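**Student:**
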Amino acid sequence: MRRNYSDIAIAEAIAILGCVAFFTHLPEPVMIVLGLSLFAAPGYVWSEVFLSPRTLGLERVAVAAGLALMVPVFGGMGLYAAGIPLNRTAWVGLLAVVTLVGAGVALITRRRQRNDMPPRRQGRRPRWSAGHAVAFGAAALIAAGAVGLAVFSAETQKYAGYTQLWLAPLPAQASTASLEVDNEQGAPVQYRLVVRRRGRVTATWNLTLASGQTWQRTISYTTSYAIAASLYRVPDLTIPYRQVDNGVSPPQKPAAPRRTHP
Amino acid sequence: MTVVGRTPQQRPAARERSAAGQRSAAGQRSAAGQRSGAGQRRPTRGRPVPPSQKRRPTAAARVAPPSRLPISVVTLIASLGVFMASAAFAAGRMGYASSPWADRAYWLGQALIAAPVAERLLSRRPLSPGGTATLIVVLTVAEYLLKICYSPLSFTFTDELLHWRSTVNVLQTGKLFTANWGLPISPRYPGLEETTSALVSVTGMPVFVAGLIIAGIAHLLFICFLYLSFWCFTRSYRIAGIAILVYNATPTLDSFDAMFIYETLALAFLGLSVLAAWRTTTGRSGGERIRWFILALLAITATVVTHHVTSYMLAGSLFLVTLASLITRAGATARRIGALAVFSATAIACWVIIIAPDTLSYFKPTVEGLVQGFNSLQNGTSSGARSTSSAPFGNQVLEGAVVLLVTALLPVGWWQAWKRHRRNPWMVAMAIGSLGWLVALALRVGTPDGQELAGRTATFVYMPVSLMAGLALIRLVNAALARRWESAAIAVAVTGTLALLFDGLANGWPPYWERLPGQHQVAGFERSVGPEEIAAARWTLTALGSGNRFAADTGIYPALIGYGDQNPLQGVGYLYSTPAYTPAIARAARAQAVQYVLVDRRLSRSPPTSGTYFPGSSTTGNGPIPLTDLTKFNRVPGAARVFDDGNIVIYSLQGAQSAP
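Those protein sequences? They're chains H and S, same order as listed.
According to my numbering, the first sequence holds residues 1 to 262 in order.
According to my numbering, the second sequence holds residues 1 to 660 in order.
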């Protein structure tokens with residue numbers, strides 16, 4: 001009887017290639033294909049260990065996929081218990097080792113089964129007509145088009161633009177704060193930023209920010225007197241467009257102007 | 001040997017005969033026998049049916065011609081349905097979310113997906129096991145694609161964001177069991193996070209894409225295992241296919257059971273556990289049974305590690321099968337399944353005691369609510385459950401009709417189970433388990449939050465119910481009267497099944513007010529998480545660090561947990577319900593240790609879409625909140641206004657004093 005171990009050899013090759021790829025910088029698509037293969041390989045080899053050669057079709061595929069999902073669950077717990085951080089090295093190593101061990105066990109199991117069991121019967125291949133193939137292909141294309149349409153419509157969905165202004169003390173340095181403006185209006189915008197200390201203007205910046213651009217300064221910060229920053233959107237320099245402060249004074253701060261996005 | 005008596009593992013031996021048979025007169029008998037003869041055998045003890053027991057196909061079955069709707073065409077129509085529904089989603093994003101035409105396009109898309117599949121499964125025309133499996137896979141994949149199309153760029157649903165955060169934490173720290181402020185129990189069941197982290201690590205894909213892949217595979221696996229299990233229990237892939245079709249009526253199937261949440265992965269393990277448990281009792285050799293037994297132990301353990309409720313349901317199911325085995329005097333089955341049941345209960349107890357002791361406190365409110373509700377029912381007093389649903393009238397009518405339909409199908413299914421399978425412990429267990437339908441109805445009517453609780457338990461209750469309904473449906477379709485008017489009977493059956501499926505969608509998730517994606521809604525769910533909310537949440541993590549105690553509204557709550565890694569609090573409505581920051585409010589805020597208050601000015605423009613502005617709080621009434629109640633923090637001494645984007649303003653209350 002001719003023995004075929006090519007599937008086990010492929011699984012072993014995937015495990016080794018996965019380790020090799022970890023030390024080299026391969027293109028992203030290659031890494032994705034190789035990574036998915038490495039993720040699936042342990043499930044396949046261990047399904048060869050657990051399942052009888054008589055098990056075919058959906059059941060074999062489903063059990064292999066279930067085992068593939070199980071390996072990281074148990075492997076992650078084992079690594080964590082061993083004090084090994086769950087980083088990329090650990091995951092690649094885990095999947096490769098489980099695949100190689102499983103391949104070894106599968107080889108032994110298959111040899112033993114081959115000796116006392118008839119070879120796996122190949123299922124009768126379904127007849128495929130050109131019409132069915134075209135229909136399935138068209139279905140796949142339409143489904144991909146549906147997802148593409150969803151992605152496109154979500155990416156181009158129109159949201160009201162916004163401008164963020166914040167004044168937050170830096171976590172490690174209470175005497176300094178980060179003052180930042182972020183323009184997400186979808187178009188370049190001119191701003192004037194005014195900082196007041198004890199009610200007096202101490203700094204002014206005229207800013208022109210492209211959409212998505214952020215402006216940032218570090219300023220001295222304290223809670224012993226009032227610090228406030230008002231952002232005006234040119235040309236309206238009378239009513240602040242955005243306001244932040246350190247909450248100290250004045251005791252009766254005016255209510256923030258009620259604004260809507262343009 | 002008819003296909004009726006074949007289980008998946010027996011398939012190869014009979015496959016060629018079946019395939020050839022479908023091309024010949026004899027084969028037509030065989031193929032037709034699959035449809036009409038399912039369940040028409042003598043009761044068995046869970047062993048393969050010998051060829052001598054096969055039934056002669058009926059005359060009507062013999063003349064069943066091939067279907068005019070090939071599976072490839074069904075797949076093509078389903079893909080058109082996906083495209084139609086995706087176009088409806090796109091229309092919603094373009095501002096037509098409230099348009100009746102967009103809504104109709106969505107439902108037309110759903111009908112295109114479900115109707116051809118239902119017709120092929122319910123029809124008496126020849127259908128191979130592979131064809132049945134393909135139809136089920138097409139239905140499941142099509143619905144999952146719609147889930148992706150609904151939110152194709154990022155996770156937006158609350159629970160998905162919670163698990164996204166846990167996964168990111170694992171990737172960033174390399175450790176398990178890190179804190180998750182929104183769902184503290186989830187890191188204690190880290191199966192989903194481990195699996196996703198592994199995939200992200202080996203492929204370099206974003207967490208969102210990896211999460212979609214893991215959730216999609218797990219969801220499809222669950223359905224496939226369920227189909228295989230039903231096929232094994234009934235020995236009829238046709239009944240199994242119809243049962244899976246009915247199972248698609250589960251309101252949570254295409255939402256909670258397909259989302260990037262821990263239950264989705266655990267359900268796949270549960271399915272494998274059940275299939276492996278069945279195989280331990282029917283394996284051909286001792287070695288084969290041992291291998292399946294080991295596989296069952298692994299799958300049970302994986303379920304326990306991944307999700308609490310799913311593991312409890314699995315243990316309960318195994319005990320139920322043990323009990324049914326004792327009733328049917330299937331001693332070997334009772335011993336093997338009993339051992340698995342004891343193992344699962346032990347594993348659960350060990351996990352809860354050693355790793356996840358928080359589980360007890362997590363379920364305490366739910367259990368107390370249940371007890372209170374049932375006590376109220378017994379005493380005849382009000383349970384606190386809402387007497388009316390807020391859903392549209394059409395949804396309520398559909399829901400009522402489906403309750404009646406399922407309740408009517410169940411006795412027929414029980415009768416069929418008694419008549420054909422009363423010596424099969426698995427089927428007896430399923431029949432007993434389907435009584436859970438009545439318990440779920442009682443839960444829905446009689447307990448506080450019963451509607452939600454019944455919805456969440458539907459995933460498990462519908463499993464035996466769908467199998468009983470499948471038995472009933474196949475009996476009705478095969479009835480002599482139905483055979484005489486086959487087309488009309490199939491049309492009625494397909495219509496009824498579509499009503500079941502549409503009820504699951506209409507009364508499932510997303511809720512009717514977010515059926516289509518669209519512009520921002522105040523205090524909603526998916527439609528309250530947009531770029532502005534995500535940017536604000538990300539800012540909190542960057543500028544303030546993680547784990548800060550936030551007061552925030554329902555809309556931005558999940559984004560604060562997921563993208564912000566913050567600790568938003570429940571029951572904070574009092575902070576937004578008065579025009580002044582009074583000493584009483586200040587005391588309450590200090591008692592809750594509120595560090596930051598997030599104010600969304602849009603709360604003053606619209607009533608809450610979800611019915612409440614703040615999680616766990618109803619103190620703000622139903623109308624829009626007055627703007628003065630929201631802007632009062634501008635006048636609070638010591639309350640720093642640290643962030644302002646026009647709609648969203650964040651105040652630091654750490655130095656705040658009450659109004660003089």
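Ideal Cβ positions, reconstructed from N, Cα and C, are used throughout, including at glycine.
Model, not experiment: these values are computed from the prediction.
What are the partner residues of L231 (chain H), as DSSP defines its beta bridges?
**Tutor:** H:L193 and H:R242, per the DSSP bridge assignment.
**Student:** Would the region 97-115 of chain H and the region 198-217 of chain S be scored as touching if the rule is three or more Cβ pairs under 8 Å?
**Tutor:** Result no; under three Cβ-Cβ pairs closer than 8 Å.
**Student:** Considering only DSSP beta bridges, list what A177 (chain H) is partnered with.
**Tutor:** A177 (chain H) is bridged to H:P169 and H:I219.
**Student:** Decide yes or no for the touch test of the region 498-517 of chain S against the region 127-138 of chain H: beta carbon pairs closer than 8 Å, at least 3 of them.
**Tutor:** Contact between the region 498-517 of chain S and the region 127-138 of chain H is absent, because fewer than three Cβ pairs lie under 8 Å.
**Student:** Using a Cβ cut-off of 9 Å (strictly closer), state whether D600 (chain S) contacts chain H.
**Tutor:** False, the Cβ-Cβ gap to chain H never drops below 9 Å.
**Student:** Using 9 Å as the limit for Cβ to Cβ distance, is Q216 (chain H) near chain S?
**Tutor:** Taking Cβ atoms only, chain S never reaches closer than 9 Å to Q216 (chain H), which makes this a no.
**Student:** Taking the alpha carbon of Q157 (chain H) as the point to measure from, which residue in S:Q110, S:P152, S:S79 and S:L161 has its own alpha carbon closest?
**Tutor:** Closest by alpha carbon: S:P152.
**Student:** DSSP beta-bridge partners for W205 (chain H)?
**Tutor:** W205 (chain H) pairs with H:L193.
**Student:** For R422 (chain S), which option in S:T328, S:S466 and S:P626 has the closest C-alpha, if you only look at C-alpha atoms?
**Tutor:** With distances taken between Cα atoms, R422 (chain S) lies closest to S:T328.
**Student:** For A551 (chain S), name the three-state secondary structure that DSSP assigns.
**Tutor:** Residue state, collapsed to three classes: strand.
**Student:** For the beta strand (DSSP E) that contains L598 (chain S), what are its first and last residues?
**Tutor:** Looking at the DSSP string, the run of the beta strand (DSSP E) that includes L598 (chain S) is Y596 to D600.
**Student:** Could you pull out every residue in the same chain whose Cβ sits closer than 7 Å to the Cβ of G75 (chain H), ignoring the five residues on either side in sequence?
**Tutor:** The residues are L94 and V98.
**Student:** Starting from G145 (chain H), find everything on chain S with Cβ-Cβ shorter than 7 Å and list it in chain order.
**Tutor:** Near G145 (chain H) (Cβ distances below 7 Å), the residues of chain S are F83.
**Student:** Using a Cβ distance threshold of 8 Å, determine whether the region 245-253 of chain S contacts the region 284-293 of chain S, with at least three qualifying pairs required.
**Tutor:** Flag = no, the region 245-253 of chain S and the region 284-293 of chain S do not touch.
**Student:** With 7 Å as the C-beta to C-beta threshold (strictly closer), list the residues of the region 26-40 of chain H near chain S in chain order.
**Tutor:** Flagged, chain order: E28, M31, I32, G35, L36, L38 and F39.
**Student:** Tell me, please, whether the CB atom of W734 (chain S) is closer than 9 Å to any CB atom in chain H?
**Tutor:** The structure shown does not extend to residue 734 (chain S), since chain S is modelled only from 1 through 660, so no value can be given for it.
**Student:** Taking the continuous alpha helix (DSSP H) assigned at V572 (chain S), which residues delimit it?
**Tutor:** From DSSP, V572 (chain S) is part of no alpha helix (DSSP H); its letter is neither H nor E.
**Student:** Starting from S6 (chain H) and walking both ways along the alpha helix (DSSP H), at which residues does that stretch end?
**Tutor:** Per DSSP, S6 (chain H) belongs to the alpha helix (DSSP H) from S6 to F23.
**Student:** Whole angstroms are fine: how far does the CA of T280 (chain S) sit from the CA of Q113 (chain H)?
**Tutor:** Those two C-alpha atoms are separated by around 19 Å.
**Student:** Among H:T238, H:R54 and H:S37, which residue has its Cα nearest to the Cα of R284 (chain S)?
**Tutor:** The candidate whose alpha carbon is nearest that of R284 (chain S) is H:R54.
**Student:** Would you say R258 (chain H) faces chain S, with C-beta separation under 9 Å as the test?
**Tutor:** Interpretation of R258 (chain H) is limited by its pLDDT of 42, a score under 50 that renders its predicted location unreliable; the figure taken from the coordinates is listed afterwards. So yes, R258 (chain H) belongs to the interface.
**Student:** With DSSP as the reference, label D103 (chain S) as helix, strand or coil.
**Tutor:** Three-state DSSP puts D103 (chain S) in a helix.
**Student:** What whole-angstrom Cβ distance do R602 (chain S) and N647 (chain S) have, given they're in contact under 8 Å?
**Tutor:** The pair is a contact, with the Cβ atoms about 6 Å apart (cut-off 8 Å).
**Student:** Roughly how many whole angstroms lie between the Cα atoms of G530 (chain S) and P517 (chain S)?
**Tutor:** So the alpha carbons of these two residues sit roughly 11 Å apart.
**Student:** Got a sec, what are the start and stop residues for the alpha helix (DSSP H) D503 (chain S) sits in?
**Tutor:** It spans E486 to A506 - the alpha helix (DSSP H) in which D503 (chain S) sits, taken as one unbroken run.
**Student:** Return the chain-ordered list of same chain residues with a C-beta closer than 7 Å to the C-beta of D644 (chain S), the five sequence neighbours on each side being excluded.
**Tutor:** Correct list: empty, nothing qualifies.
**Student:** What does DSSP give as the partner residue(s) for F39 (chain H) in the beta ladder?
**Tutor:** Per DSSP, none; premise fails for F39 (chain H).
**Student:** Any beta-carbon of chain H closer than 9 Å to the one on D644 (chain S)?
**Tutor:** Yes - at least one Cβ of chain H is within 9 Å of the one on D644 (chain S).
**Student:** Would you say S273 (chain S) and A299 (chain S) are within 9 Å of each other, going by their C-beta atoms?
**Tutor:** Cβ atoms of S273 (chain S) and A299 (chain S): closer than 9 Å.
**Student:** Since A11 (chain H) and Y44 (chain H) are thought to touch, with beta carbons under 8 Å apart, how far apart are those beta carbons, to the nearest angstrom?
**Tutor:** About 6 Å; that satisfies the 8 Å criterion.
**Student:** For a contact defined as C-beta to C-beta under 8 Å, what are the partners of M205 (chain S) on chain H?
**Tutor:** Correct list: I32 and G35.
**Student:** Using C-beta distances below 7 Å, list every residue in its chain close to P43 (chain S), excluding the 5 sequence neighbours before and after it, in chain order.
**Tutor:** The predicted position of P43 (chain S) is uncertain, since its pLDDT is 44 and thus under 50; a value taken from the coordinates is nonetheless stated next. So the list reads R420, H421, R422, R423 and N424, once near-sequence residues are dropped.
**Student:** Can you find a CB in chain H that lies within less than 9 Å of the CB of R120 (chain S)?
**Tutor:** Judged by the 9 Å Cβ criterion, R120 (chain S) is not in contact with chain H.
**Student:** Cβ closer than 9 Å: which chain S residues qualify as neighbours of E155 (chain H)?
**Tutor:** Residues of chain S passing the Cβ test: P152 and L153.
**Student:** Identify, in the order they occur along the chain, each residue of the same chain with its Cβ nearer than 8 Å to the Cβ of L199 (chain S), setting aside the five sequence neighbours on each side.
**Tutor:** Excluding residues within five positions, the ones whose Cβ falls inside 8 Å are M205, A210, I213 and I214.
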